[in-house]
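Student: Encoded as structure tokens, here's the structure I'll be asking about.
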Ligand code: LLP
């Protein structure tokens, strides 16, 4: 459930007409709902409630300071994957004890910054990373808390580009080598083993792959404890999928996911961490765009809109589906017509949907892409020197621009002219 609904014939974000925001900030833009973010965070928090737990929001899905602050105020931890995301979490006021640092290629500088600034745990993904972290921690005279990410060799049954839990993927340490690698970690004076980490992929629409992975984690917990390791935390990753279409069979609910966690790892006495991104931010955001032209082609009609692949890359990158709805509610029973919905960029890949049934639309009409709050703004670029589009946060009947659209001058001023061209 989200808070983008038609009211009196007009799409609203909570209590604000989306058209009012468009009139104020111009299109295209991203628009997020505070109530939806809060609701989704609470669903996870409540799903794990009986267990000692921390829900760490995957910052990669939406890293705007206002979004992080909204969640941090509810007690969220953060899962970061770069020095930049770590800095964003800190800037949003999240204490180091609530930040976990994931990622397969952390640099020495990133690890040092996190050790100095405070960190709950590093999710370590390789032996070389372990050695480097040990060196930095030893030099600083501290002990780095680590969980080792194991690769359980489980098929997440999701899009190949976002599956991470098979042995052929670059992520984690093969579960078969876990004992050996934990023994090495325990021997390094700068590391303190605190737990096990696993993440098998994103946009999972079934619970079975999670179940298979978590059962392996449970077994491994007992084995590692018998080896003398103090396994007191399990980081179970993110990945629970969201409904991208209204018609589709919905993915499992956070409450079902919570039941599964309790069933598989709930009696081990471990503190449970999870790292959801998409389920918290995805359906809490829309991207709003205007129709520039309605173009009648040979056997196809095109809606050419002012949003493009640089603003929302998911359709061209993963063939992802986003529901696209008119901001003015279509009259009941109005005839629909198939359109290819495309952006202005000079690539055929700049296509959001083919043959999508839409009610009659004209130049200047507004459309909203649903489920665009995760991996939307964060993956955008300035390709074609199209400015990064603004982000707006709604809260009840208020809205605020939480990232402004840069002017062309600002964009151009970031380039430098070398002396020989001056
Ligand atoms: N934890 C780790 C270690 C991850 O790699 C990810 C996502 C998450 C948590 C959060 O997963 P979520 O709950 O959001 O599914 N750009 C792609 C998604 C990439 C996901 C990468 N890792 C997309 O637009 O679908």
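In our numbering, the protein residues as written are 8 to 429. Here a beta-carbon is modelled for each residue, glycine too, at the ideal position from N, C-alpha and C. Source: prediction; values computed, not measured.
1. Note down, one range per segment and in chain order, each beta strand (DSSP E) of at least 3 residues found wholly within the stretch 32 to 100.
2. Nearest to residue 85 by CA position, among 406, 287, 348, 365, is which residue?
3. If I follow the unbroken beta strand (DSSP E) through residue 154, where does it start and stop?
4. To the nearest angstrom, how far is the alpha carbon of residue 72 from that of residue 79?
5. Within this structure, are the beta carbons of residue 168 and residue 325 separated by less than 8 Å?
6. Quick one: does the C-beta of residue 276 sit closer than 7 Å to a heavy atom of the ligand MG?
7. My guess is that residue 115 and residue 143 are in contact by the Cβ rule of under 8 Å, so how many angstroms apart are they, rounded?
8. Compute the minimum distance between the beta carbon of residue 67 and the heavy atoms of the ligand LLP, and state whether it is under 7 Å.
9. Within 10 angstroms of its Cβ, does residue 28 collect 16 or more other Cβ (buried), or is it exposed?
10. If I'm right that residue 140 touches residue 90 with Cβ under 8 Å, what's the distance once you round it to whole angstroms?
11. In chain order, what are the residue ranges of uninterrupted alpha helix (DSSP H) at least 4 long that sit wholly in the stretch 256 to 298?
12. Based on Cα-Cα distance, which residue from 152, 138, 185, 146 lies nearest to residue 158?
13. Is any heavy atom of the ligand LLP found at a distance shorter than 7 Å from the C-beta of residue 282?
14. Along the chain, where does the beta strand (DSSP E) that runs through residue 348 open and close?
15. Can you determine whether any heavy atom of the ligand LLP sits closer than 7 Å to the C-beta of residue 318, and answer yes or no?
16. For a test of the three-state rule: what should DSSP assign to residue 162, helix, strand or coil?
17. Does the separation of the CB atoms of residue 390 and residue 329 fall below 8 Å?
18. Rounded to the nearest angstrom, how far is the Cβ of residue 296 from that of residue 34, given a contact under 8 Å?
19. If you count every other CB in all the chains shown that lies within 10 Å of the CB of residue 353, and 16 or more means buried, which is it?
20. How would you write the range of the alpha helix (DSSP H) that residue 137 sits in, first residue to last?
21. Within 8 Å, do at least three Cβ pairs link the stretch 311 to 320 to the stretch 272 to 279?
22. Going by beta carbon distance, what residues of the same chain come within less than 6 Å of residue 346, once the five residues before and after it are set aside?
23. Tell me whether residue 286 counts as near the ligand LLP, meaning its Cβ is closer than 7 Å to at least one heavy atom of that ligand.
24. Taking the continuous beta strand (DSSP E) assigned at residue 337, which residues delimit it?
25. In angstroms, rounded to a whole number, what distance separates the CA positions of residue 336 and residue 14?
Tutor: On the basis of the coordinates in this document:
1. Inside the stretch 32 to 100, DSSP marks whole beta strand (DSSP E) runs of 3 or more residues at positions 36 to 40, 60 to 65, 84 to 87, from first to last along the chain.
2. For this step, residue 85 is matched to residue 78 along the chain shown. Nearest to residue 85 by alpha-carbon distance, out of 406, 287, 348, 365, is 287.
3. Within the chain shown, numbered from 1, the residue matching residue 154 stands at position 147. Unbroken beta strand (DSSP E) run through residue 154: 151 to 158.
4. Translated into the one-based positions of the chain shown, residue 72 becomes position 65. Translated into the one-based positions of the chain shown, residue 79 becomes position 72. One C-alpha to the other measures close to 10 Å.
5. Stepping through the chain shown from its first residue, residue 168 is reached at position 161. Stepping through the chain shown from its first residue, residue 325 is reached at position 318. Yes, these two residues count as a Cβ contact at 8 Å.
6. In the structure shown, the ligand MG is absent; the only ligands present are the ligand LLP.
7. In the chain shown, counting from the first residue as 1, residue 115 sits at position 108. In the chain shown, counting from the first residue as 1, residue 143 sits at position 136. The beta-carbon distance between residue 115 and residue 143, rounded to whole angstroms, is 6 Å. This is short enough to meet the 8 Å contact definition.
8. Reading the chain shown from its first residue, position 60 is the one you call residue 67. Because some heavy atom of the ligand LLP lies under 7 Å away, the Cβ of residue 67 counts as near it: yes.
9. Locating residue 28 in the chain shown gives position 21, where the first residue counts as 1. Residue environment for residue 28: buried (at least 16 other C-beta atoms within 10 angstroms of its C-beta).
10. Along the chain shown, read from residue 1 onward, the residue named residue 140 stands at position 133. Along the chain shown, read from residue 1 onward, the residue named residue 90 stands at position 83. Going by Cβ atoms, the distance from residue 140 to residue 90 rounds to 14 Å, so no, they are not a contact pair.
11. DSSP runs (the alpha helix (DSSP H)) wholly in the stretch 256 to 298: 261 to 272, 285 to 288.
12. Mapped onto the chain shown, residue 158 falls at position 151. Ranking the options by Cα distance to residue 158, first place goes to 185.
13. Taking the first residue of the chain shown as position 1, residue 282 is located at position 275. The ligand LLP has a heavy atom closer than 7 Å to the beta-carbon of residue 282.
14. In the chain shown, residue 348 corresponds to position 341, counting from 1. Its beta strand (DSSP E) spans residues 344 to 349.
15. If you number the chain shown from 1, residue 318 lands on position 311. Checking every heavy atom of the ligand LLP against the Cβ of residue 318, none is found closer than 7 Å.
16. The residue you call residue 162 lines up with position 155 of the chain shown. Coil.
17. The sequence position of residue 390 within the chain shown is 383, counting from 1. The sequence position of residue 329 within the chain shown is 322, counting from 1. No, these two residues do not count as a Cβ contact at 8 Å.
18. If you number the chain shown from 1, residue 296 lands on position 289. If you number the chain shown from 1, residue 34 lands on position 27. So it is a contact: roughly 5 Å between Cβ atoms.
19. Here residue 353 is taken as the residue at index 346 of the chain shown, counted from 1. Residue 353 comes out exposed.
20. Here residue 137 corresponds to residue number 130 of the chain shown, with the count starting at 1. Membership of residue 137 in the alpha helix (DSSP H) is indicated by the continuous run 134 to 147.
21. Counting C-beta pairs with one atom in each stretch, the stretch 272 to 279 and the stretch 311 to 320 have fewer than three that are closer than 8 Å, which means they do not touch.
22. If you number the chain shown from 1, residue 346 lands on position 339. Excluding sequence neighbours, residue 346 sits near 308, 310, 363, 365.
23. Taking the first residue of the chain shown as 1, we reach residue 286 at position 279. Remark: the shortest separation between the CB of residue 286 and any heavy atom of the ligand LLP falls under 7 Å.
24. For this step, residue 337 is matched to residue 330 along the chain shown. Counting along the chain, residue 337 falls outside any beta strand (DSSP E), and DSSP gives it neither H nor E.
25. Here residue 336 refers to the residue found at position 329 when the chain shown is read from its first residue. Here residue 14 refers to the residue found at position 7 when the chain shown is read from its first residue. Rounded to the nearest angstrom, the two C-alpha atoms are 9 Å apart.
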